Amino acid sequence: MRIIALSTLKAFWESNPKYSDAKESTMAWYRHALQADWDTPDKIKSDFGNSSILKDSRVVFNISGNKYRLIVWMNYDYRVIYIRFLGTHKQYDKVDAQTI
129 MRIIALSTLK
139 AFWESNPKYS
149 DAKESTMAWY
159 RHALQADWDT
169 PDKIKSDFGN
179 SSILKDSRVV
189 FNISGNKYRL
199 IVWMNYDYRV
209 IYIRFLGTHK
219 QYDKVDAQTI
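193 is the number that the numbering used here gives to position 65 of the sequence shown; each next residue is one higher, with no gaps.
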């Protein structure tokens, strides 16, 4: 998969020292996603059973034991992942995962 953009992930864990614990698990997700071939939501669920498949090709992943939430928009045909949001549960509760 092609992922746009790693800089969004880095910006989160570099924005505040208390988020630095997100780096290791976020990078583990990133490395896994780079090697994946997700052309359907079922393939994502196969790899990440606790992910949430939303409308409009959006997916929510639990990061760091569900401490953080990662929202992506998937282009399954072209195998591209667009990172839309990474944040704490409290931050996630303030966004609309369907439109962010």
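Even glycine gets a Cβ: it sits at the ideal position worked out from N, Cα and C.
Note that the structure is a prediction, hence the values are computed from the model and not measured.
Worksheet item: What three-state label does DSSP hand residue 176 in the structure shown?
Response: coil
Practice prompt. Take residue 151 and list the residues in its own chain whose beta-carbon comes closer than 7 Å to its own, dropping the five residues that flank it on each side.
Written response: 141
Worksheet item: Who does residue 168 pair with in a DSSP beta bridge?
Response: Paired residues: none, contrary to the question.
Worksheet item: Residue range of the alpha helix (DSSP H) that residue 216 falls in?
Response: Counting along the chain, residue 216 falls outside any alpha helix (DSSP H), though it belongs to the beta strand (DSSP E) covering 208-216.
Worksheet entry | CA-to-CA distance, residue 145 to residue 181, given in whole angstroms | 30 Å
Worksheet item: Looking at the structure shown, is residue 129 part of a helix, part of a strand, or coil, going by DSSP?
Response: coil
Worksheet item: Which partner residues of residue 197 appear in the DSSP bridge assignment?
Response: 190 and 215
Item to complete: Work out the CA separation of residue 167 and residue 155 for me, nearest whole Å.
Response: 21 Å
Fill in: Nearest-angstrom Cα separation, counted from residue 222 out to residue 171
28 Å
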